[in-house]
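Colleague: Below is one structure. I have some questions about it.
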Amino acid sequence: MSERFILDVPVRWSDMDAYGHVNNARFLTLYEEARVAMFFVGARQHGLGSFEEGIVIARHEIDYVRPVDFGDPVRIEMWVSQLRAAAFTVSYELFDDGVLASRAKSVCVPYNLADGHPRRLTDAERDFLRPYTEVS
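All residue numbers for the sequence shown refer to our numbering, where the first residue is 1196 and numbers rise by one.
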């Protein structure tokens, strides 16, 4: 297994639905917060700022295992399950009180926002992603 990027993400009152659980659409927001931390903060700590210039999401996939209630932060663990020349897939597991509550995947595409087109991953980006990349 690869390294995992792990982040505790607070659950906000506004994330709740009428049934008192985190709304299914808000899981995307929780996953986004972890993904932004990895590709902005984590990458910057490794001297890499190019992800901040643009990444777009081509696809999301979420499996809901159990409801999440308001309370302590949830723990999100992330890794790269597929690494290609111009896209990569981030896989996630979300834990509530140490219990798996959701699994998800996001296909991420490096994007040149200034010019309005996708781009290939740089060698430096691949080097940053490599420790998090699942070995099959």
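Beta carbons are placed, not taken as given, at the ideal position from N, Cα and C, and that holds for glycine.
Between I1257, D1264, L1316 and V1304, which has its C-alpha nearest S1297's C-alpha?
Modeller: Within the sequence shown, residue 1297 is the residue found at index 102, counting from 1. Cα-wise, what sits closest to S1297 is I1257.
Colleague: Taking the alpha carbon of H1241 as the reference point, which residue from V1330, F1265, L1324 and V1263 has its own alpha carbon closest?
Modeller: Here residue 1241 corresponds to residue number 46 of the sequence shown, with the count starting at 1. The residue with the shortest Cα to Cα distance from H1241 is L1324.
Colleague: On the DSSP letters alone, give me the boundaries of the alpha helix (DSSP H) that D1175 sits inside.
Modeller: Within the shown structure, residues of the chain are numbered from 1196 to 1331, placing residue 1175 beyond reach of any answer.
Colleague: Could you say which of V1263, V1302 and L1289 lies nearest to W1200 if we only look at CA atoms?
Modeller: Here residue 1200 refers to the residue found at position 5 when the sequence shown is read from its first residue. Note on residue identity: the sequence assigns Phe, not Trp, to residue 1200. Among V1263, V1302 and L1289, the Cα nearest to that of F1200 is on L1289.
Colleague: In this structure, how does DSSP classify R1230 when only helix, strand and coil are distinguished?
Modeller: Translated into the one-based positions of the sequence shown, residue 1230 becomes position 35. Helix.
Colleague: Which residue marks the beginning of the alpha helix (DSSP H) containing F1200, and which one marks its end?
Modeller: Position 5 of the sequence shown, counted from the first residue, corresponds to residue 1200. Segment F1200 to V1204 is the beta strand (DSSP E) holding F1200; no alpha helix (DSSP H) there.
Colleague: Let me make sure I understand the geometry here. Which of S1245, V1231 and V1204 has the alpha-carbon closest to that of D1318?
Modeller: Along the sequence shown, read from residue 1 onward, the residue named residue 1318 stands at position 123. The candidate whose alpha carbon is nearest that of D1318 is S1245.
Colleague: What residue from R1230, V1206, Y1214 and V1294 has the CA that sits closest to I1252's CA?
Modeller: Looking up residue 1252 in the sequence shown gives position 57. Among R1230, V1206, Y1214 and V1294, the Cα nearest to that of I1252 is on R1230.
Colleague: For S1286, count the other beta carbons within 10 Å of its own beta carbon; 16 or more makes it buried, fewer makes it exposed. Which is it?
Modeller: Translated into the one-based positions of the sequence shown, residue 1286 becomes position 91. Looking at its Cβ environment, which holds 16 or more other Cβ atoms inside 10 Å, S1286 is buried.
Colleague: How is L1295 classed by DSSP in three states: helix, strand or coil?
Modeller: Here residue 1295 refers to the residue found at position 100 of the sequence shown. Note: L1295 maps to strand in three-state DSSP.
Colleague: So, under 8 Å CB-CB, Y1306 and I1271 are touching, yes? Tell me the CB distance rounded to an integer number of Å.
Modeller: Here residue 1306 is taken as the residue at index 111 of the sequence shown, counted from 1. Here residue 1271 is taken as the residue at index 76 of the sequence shown, counted from 1. Not really, about 23 Å apart at Cβ, beyond 8 Å.
Colleague: Can you pull the DSSP bridge partners for T1328?
Modeller: Taking the sequence shown and counting its residues from 1, the one referred to as residue 1328 is at position 133. In the DSSP output, where bridge partners are listed per residue, T1328 has V1275.
Colleague: May I have the straight-line CA-CA distance separating P1184 from A1232, to the nearest angstrom?
Modeller: Not covered by the structure: residue 1184. The range shown for the chain is 1196 to 1331.
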